[in-house]
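Visitor:
Number of protein chains: 2
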Amino acid sequence: MPRTRSAPIGPVRLTPDARTALHPATVAIESGFWHDRRTTNARVSLPQGPDLLESAGNLHNLRLAAAAREAASDTVTEGEFQGAYPFVDTDVYKWLEAASWQLAEGEDTSLAADVARIVALVAAAQQPDGYLNTWFQLVKGGERYQDLRWGHELYCAGHLIQAAVAHHRATGRLELLDVARKFADHIDSVFGLPGSGRPIDGIDGHPEVETALVELYRETGERRYLDLAGYFVDRHGHGLLGGEAYCQDRVPLREATNVEGHAVRQLYLLAAAADLAAETGDAELRAAGERLWHAMTTTKTHLTGGLGAHHDEEDFGDPYELPTERAYCETCAAIASVQWSWRLALLTGEARYSDLIERTLFNGFLAGVSLDGERWLYVNPLQVRDGHTDTGGDQSARRTRWFRCACCPPNVMRLLAGLTHYLASGDEQGLQIHQFVTGTYETDRIRVRAETDYPWHGTIGFTVEQTPADAPWTLSLRIPQWCRDFRVRCGTETYDRSDAPVERGWLRLTRTWEPGDRVHLELGLEPRLTAADPRVDAVRGCVAIERGPLVYCLEQADHPGGGLDDIVLDPSRPPAVKHRPDLLGGVTTVVAAGHRRRIPDRGWWPYPAADDTGPEPDGEPVELTAIPYHVWANREDGSMRVWLPTS
Amino acid sequence: MPRTRSAPIGPVRLTPDARTALHPATVAIESGFWHDRRTTNARVSLPQGPDLLESAGNLHNLRLAAAAREAASDTVTEGEFQGAYPFVDTDVYKWLEAASWQLAEGEDTSLAADVARIVALVAAAQQPDGYLNTWFQLVKGGERYQDLRWGHELYCAGHLIQAAVAHHRATGRLELLDVARKFADHIDSVFGLPGSGRPIDGIDGHPEVETALVELYRETGERRYLDLAGYFVDRHGHGLLGGEAYCQDRVPLREATNVEGHAVRQLYLLAAAADLAAETGDAELRAAGERLWHAMTTTKTHLTGGLGAHHDEEDFGDPYELPTERAYCETCAAIASVQWSWRLALLTGEARYSDLIERTLFNGFLAGVSLDGERWLYVNPLQVRDGHTDTGGDQSARRTRWFRCACCPPNVMRLLAGLTHYLASGDEQGLQIHQFVTGTYETDRIRVRAETDYPWHGTIGFTVEQTPADAPWTLSLRIPQWCRDFRVRCGTETYDRSDAPVERGWLRLTRTWEPGDRVHLELGLEPRLTAADPRVDAVRGCVAIERGPLVYCLEQADHPGGGLDDIVLDPSRPPAVKHRPDLLGGVTTVVAAGHRRRIPDRGWWPYPAADDTGPEPDGEPVELTAIPYHVWANREDGSMRVWLPTS
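Chains as they are written, first to last, in this note's numbering: chain A, 2 to 648; chain B, 2 to 648.
1. Evaluate the contact criterion for the segment 134-143 of chain B versus the segment 618-625 of chain A: three or more CB pairs, one atom per stretch, below 8 Å.
2. So the candidates are R541(B), W605(B), A545(B); which of them puts its Cα closest to the Cα of V544(A)?
3. Kindly list, in the order they appear in chain A, the residues whose Cβ is closer than 8 Å to that of Y608(B).
4. Excluding sequence positions up to five away, which residues of its chain have a Cβ less than 7 Å from the Cβ of A66(B)?
5. Return the first residue and the last residue of the alpha helix (DSSP H) that Y269(A) is part of.
6. Cα-Cα, which of A26(A), P9(A), A43(A), A165(A) is closest to D373(A)?
7. Between the segment 321-337 of chain A and chain B, which residues of the former have a C-beta closer than 7 Å to a C-beta of the latter?
8. Considering Cα atoms alone, identify which of E466(A), D486(A), P550(A) is closest to A517(A).
9. Below 8 Å, how does it come out for the segment 87-96 of chain B and the segment 160-171 of chain B: are there three or more Cβ pairs, yes or no?
10. Once you ignore the five residues that flank E98(B) on each side, which residues in its own chain have a CB closer than 6 Å to its CB?
11. At what residues does the beta strand (DSSP E) containing A627(B) begin and finish?
12. Establish whether the CB of T27(A) and some CB of chain B are separated by less than 9 Å.
13. In three-state DSSP terms, what is Q433(A)?
14. Give every residue of the same chain whose Cβ lies closer than 6 Å to the Cβ of S355(B), excluding the five residues on either side of it in the sequence, and list them in chain order.
15. Report back the beta-carbon spacing between C330(A) and G290(A) to the nearest angstrom; my notes put them in contact at under 8 Å.
16. Please check if any C-beta of chain A sits within less than 9 Å of the C-beta of V540(B).
17. Measure the C-alpha to C-alpha separation of D205(B) and W151(B) and round it to an integer number of angstroms.
18. Span of the alpha helix (DSSP H) holding A451(A)?
19. Is there a C-beta anywhere in chain A that falls below 9 Å from the one on W403(B)?
20. Which residues in the same chain as D559(B) place their Cβ atom closer than 6 Å to its Cβ, once the five residues preceding and following it in sequence are excluded?
21. Against chain A, with Cβ distances strictly below 9 Å, would R574(B) count as a contact?
22. Of all the CB atoms in chain B, is at least one closer than 9 Å to the CB of A611(A)?
23. Could you pull out every residue in the same chain whose Cβ sits closer than 8 Å to the Cβ of I600(B), ignoring the five residues on either side in sequence?
24. Indicate the three-state DSSP secondary structure (helix, strand or coil) for G440(A) in the structure shown.
25. So with CB distances below 7 Å, who are the chain B contacts of T390(A)?
26. Going along the segment 78-95 of chain B in order, which residues come within less than 7 Å of chain A, judged by CB to CB distance?
27. What three-state label does DSSP hand C157(A) in the structure shown?
28. In whole angstroms, what is the alpha-carbon distance linking A171(B) and T27(B)?
29. Report the neighbours of E314(A) on chain B: residues whose CB is nearer than 8 Å to its CB, in chain order.
30. Throw me the rounded Cβ distance for the A273(A) and E211(A) pair, which I believe falls under 8 Å.
31. If you draw a straight line from the C-alpha of A352(B) to the C-alpha of A310(B), how long is it?
32. Give, in chain order, every unbroken run of the beta strand (DSSP E) that is at least 3 residues long and sits entirely within the segment 12-80 of chain A.
33. Using a Cβ cut-off of 7 Å, pull out every chain B residue sitting near T614(A), in sequence order please.
34. Count Cβ pairs between the segment 496-510 of chain A and the segment 445-461 of chain A that sit closer than 8 Å; are there 3 or more?
35. For D566(A), decide whether its Cβ has a neighbour in chain B, counting only Cβ atoms nearer than 9 Å.
36. Taking W605(B) as the query, report the chain A residues whose CB atoms sit under 7 Å from its CB, ordered along the chain.
Take a look at the structure:
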């Protein structure tokens, strides 16, 4: 079984043979922004999981399948299965993965007992030949792999494998890993190229098994799993499922020029491609990933890092099609984006991937969970209009306790529980700090402690705690893409943007370090107004307020006396910062000047002649209070806007 | 059986008791724009209907149901039903309605034979108790009215009734009317308020039966049908189907403040409410219609008259949510809008309803059918982006020969075949000409002939052909809402916008007319640039090109050497008109000045600081050729834009 150096217990545990520029470092978060959010995750969200999975029927389904296996009968009547989708098992698996990463953080006997109980249930539901899917076992007995386009059997297998890998890494226990291996072996006996002796040449409509199989290879050393992952990745795009972009089947990744189709499916597949490039050195897959990431960020990414423009088919949409109120930005897509970008960051060593991770974590991802950890957003729009009629359901712009398709909540839990594994890396040259938290960053030779109140304040103090003696190494600090000015003090030396040794986003400090050496980084957090590429039609003539890594928004609750859709921001008056410990758990607001326009009544037709619109009457001045986007929808229902007209 | 005065044979045949301001007049179109389109409808689209209904399985289903009835067995195996939806019968009924209106235009033995054959098939498929729905008869035997939310049984009944009314009005034949009455009587025996003795208090998720029942009342004089229509209209909005806006069940029409939910469902229901207000004098329903129409036009109507902002649930969306590339604007919604607006026009006598009809007919509606009458659009977006990836399917931005959900094509056919019935009206004062065509306009006392090359030219000549002697009456000509200047000559008198007797959109010419008297109207057709209410975020900073009633667009085919998404229109240089008999069957184009912007490469992140965007480098000048929106997508696939940035 291969072992990485002092590889941390978390996702993407590269093998020693991996051809990446960087390898993950170990991070412990001790206090501050993400510590608070992770504490809520550990104390509220995760412990509530089993009850929610019980009341939604997911655990019930596993018990039914286990009972059916016990009775040696595959078929139970349809009415007894609970849940609206064939992939409801994955809610359980994602929760198990999240709980496993949480267990790696420290003892939690209650959580451990829940995990043990549910792992036993999963194991009991598995068919003797390794197959496991309660929908197909209970409702579609005997119809395995007949509906690869929509059946989600391999998708479910993928999340089971991910959970098993996490469970094994975190606890050393084999119960779930054995289940996963048995299922993976079964899949490996069924799927393969024509002539391989396997009966089915096919792929799953929803990628996930691919990246899971690479992780299973990493955990077990079984090369077969890596090969199987490679087979699945490369069979996408050849029309095996009819050629739809929705199923990632229109064009092979190696030839694709932009991301397309169902956003989460695309991103999970791309994560797998990056995994394969890492473990096999496949230069073409690596190039495809870099190319598609660039195409995605330049043409299909919302300001929040959110991804997906269409509610319909949860699709990426066309280049520069980035609507505000109908931004889909599924919470799962933000998570998948972080997973993919982190793999590219490790593969290439480039800082820009962690720039996007930071933006996504603080905005498009974090908005997905309420401050109290109990309510969720599946979609994350950039605007809710005055007079919005909410249709309810999973795609509601109002937070929901749980979803019919409950993919997002346990996905949020697993990213928060495993968050420390996306923050720092090491290489032969030293330590790279990708994200700033209060805590310790550690490779096998080096430990650095950081203290910060980021993202509310821009000061980050680093102290070298452990260092090889008399051997120079490089402390690399990511200077965020949004950062317009910064200062750094390292011993007696100081730099700013004009003279700091910054190389493609990395501030490189190479020294022979002593324990106790300190570095002081000050990132300028002046609030700023942000525009968009002129091809982003949806926000023409608008700006957004940002500060540091945070995207801001207006919420109706802070603007009594009217809606938000007639508000105009005055860009000539610089916005100011106001710390508000009383508000929304303590946030830094940005206060800007604006007015509420007086729009003339034009009768029944709202499209006047362009030369007849004339100057508008003066509007009523309004002080605009912007809050971080990630805390929106934590008060009463109302309208919300990220992008604000300027005239 | 009630009879209107000299009521024309067409939709909305008011009873003599109807409380409307106007009643429909008889119009014959002899040549010109709509004549050409109707000729294509009669010679190409309609005759192809039976073959298309055959190959899609609709007629097959009727034959199966007829055979099952013959065999006195309700149940045929599921696999034998063809079609993806429970409402496929309506494609047949809408085609029958269209063909019936066409038969009213003049003899067509081939069409009459097709109609007779299909009417016989429908009659043969009907159950002995009057029920008729091939999906429920063949696939769901015995489950009638168990799924009112999605089953579409009453929706199908509604289209059957509409077809039967048309068939009877046009041919005087009773075969289909008998089927419809029998079904309506069956429905009347099943549905009613608690305590009414009817077993089910319910509504259909898709309105249509309501307006059909009013028409059946008009055709038969049976008050029960009118009452049943009133029952169904008023039971919407009370949560009988769970309270969804999608099913028009969130709020009663009488209390609603804006249109909402599925656009076609909302509009069919509103048409029925207007019908009821007309036939019963219900002032509250009339007020609701006027209120909701105003709310719709001011906040939820696209420039083309298209309706519906969401692909998801085919929903209206929120106020001012009017996207371009994702405008849904279902062709059926445009048709339903014309139907509703015409009922309000008759009810109130107000010209604005016919303003919207004109805009919708020439733009959002007509784009739904290709120039050759053989290919269709289900959705009618206002933009197709450069680099668009088409997902195919019914919602494709590329024309399709037929749809899985083939609601739109036969709906287009029935509106074109019955178009003459939406163009003019009469009242005690005289004749009102709502839409301008070459042909005759006639009430029982008056006949006026018109000649025009509208909408390409703005000149319309009217000649009084028949008039009561020595009795003054008023010729009312609608001065379109878009019209900024016009001149009119009536005998020796001339007027222009400054002094013409225009009253709320109607130019009123009251005279004691003589046969041969002439009126010459000249509507100014200078091309114009149109803006939007500032709350329409999607088109901020853009203008659209219009000329007369036509909305224009750019198509990639006319702009070689690049896409359309980087094009900017120069509003300071007035656009010019260029008649192009060679292009797209002969259209008037509008030529405008613009440039292709040179957008700097900003690296991987397309959201620069607002104060960092600076002046753009000069772009490359481009002559922009705009074509009428209604002829877009008749050449090779490519991008398209209605709204054009101006800076």
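No residue lacks a Cβ here, since even glycine has one placed at the ideal position from N, Cα and C.
Predicted model only: the values in this text are computed from it and were never measured.
Guide: Considering the structure as presented:
1. No, the segment 134-143 of chain B is not in contact with the segment 618-625 of chain A.
2. Looking only at R541(B), W605(B), A545(B), the smallest Cα-Cα distance to V544(A) is reached by R541(B).
3. For Y608(B), the C-beta contacts it makes with chain A under 8 Å involve L304, T531, A532, A533, D534, A545, in order along the chain.
4. Contacts found: A126, T135, Q138, L139.
5. Its alpha helix (DSSP H) spans residues 264-281.
6. D373(A) has its Cα closest to that of A43(A), out of A26(A), P9(A), A43(A), A165(A).
7. So the list reads Y321, E322, P324, T325, E326, R327, given in the order they occur along the chain.
8. Correcting the residue identity first, residue 517(A) is Gly in this sequence and not Ala. It is E466(A).
9. The segment 87-96 of chain B is in contact with the segment 160-171 of chain B.
10. Cβ within range, chain order: Q163, A164, A167, R415.
11. Per DSSP, the continuous beta strand (DSSP E) segment holding A627(B) begins and ends at 621-629.
12. For T27(A), no CB of chain B lies under 9 Å from its own CB, so it is not counted at the interface with that chain.
13. Strand at Q433(A).
14. For S355(B), where only same-chain residues beyond five positions count, the Cβ hits under 6 Å are A346, H435, R479.
15. At roughly 21 Å, the Cβ-Cβ gap does not stay under 8 Å, so C330(A) and G290(A) are not in contact.
16. Taking CB atoms only, V540(B) has a neighbour in chain A less than 9 Å away.
17. As the crow flies, the alpha-carbon of D205(B) is around 8 Å from that of W151(B).
18. Boundaries around A451(A) are those of the beta strand (DSSP E), 448-453, since no alpha helix (DSSP H) includes it.
19. Put simply, the CB of W403(B) is far from chain A, with every gap to its CB atoms at 9 Å or more.
20. Closer than 6 Å at the Cβ level, and outside the excluded window around D559(B), lie T626.
21. Chain A contact via Cβ: absent.
22. Yes, because at least one Cβ of chain B sits closer than 9 Å to the Cβ of A611(A).
23. Excluding residues within five positions, the ones whose Cβ falls inside 8 Å are D567, E617.
24. Residue state, collapsed to three classes: strand.
25. The contacting residues are A246, E261, D319.
26. Residues of the segment 78-95 of chain B with a C-beta atom less than 7 Å from some C-beta of chain A do not occur.
27. Helix at C157(A).
28. Annotation: A171(B) to T27(B) spans about 14 Å, alpha carbon to alpha carbon.
29. Ordered by position in chain B, the residues that pass the 8 Å Cβ test against E314(A) are T392.
30. Yes, they are in contact, since the Cβ atoms of A273(A) and E211(A) sit about 3 Å apart, within 8 Å.
31. When rounded, the distance between both Cα atoms is 26 Å.
32. If we require 3 residues or more, the beta strand (DSSP E) runs fully inside the segment 12-80 of chain A come out as 27-32.
33. Under the 7 Å cutoff, chain B gives A532.
34. The segment 496-510 of chain A is not in contact with the segment 445-461 of chain A.
35. At a cut-off of 9 Å between C-beta atoms, D566(A) counts as an interface residue with respect to chain B.
36. Those within 7 Å of W605(B) in chain A are H295, T298, T299, R353.
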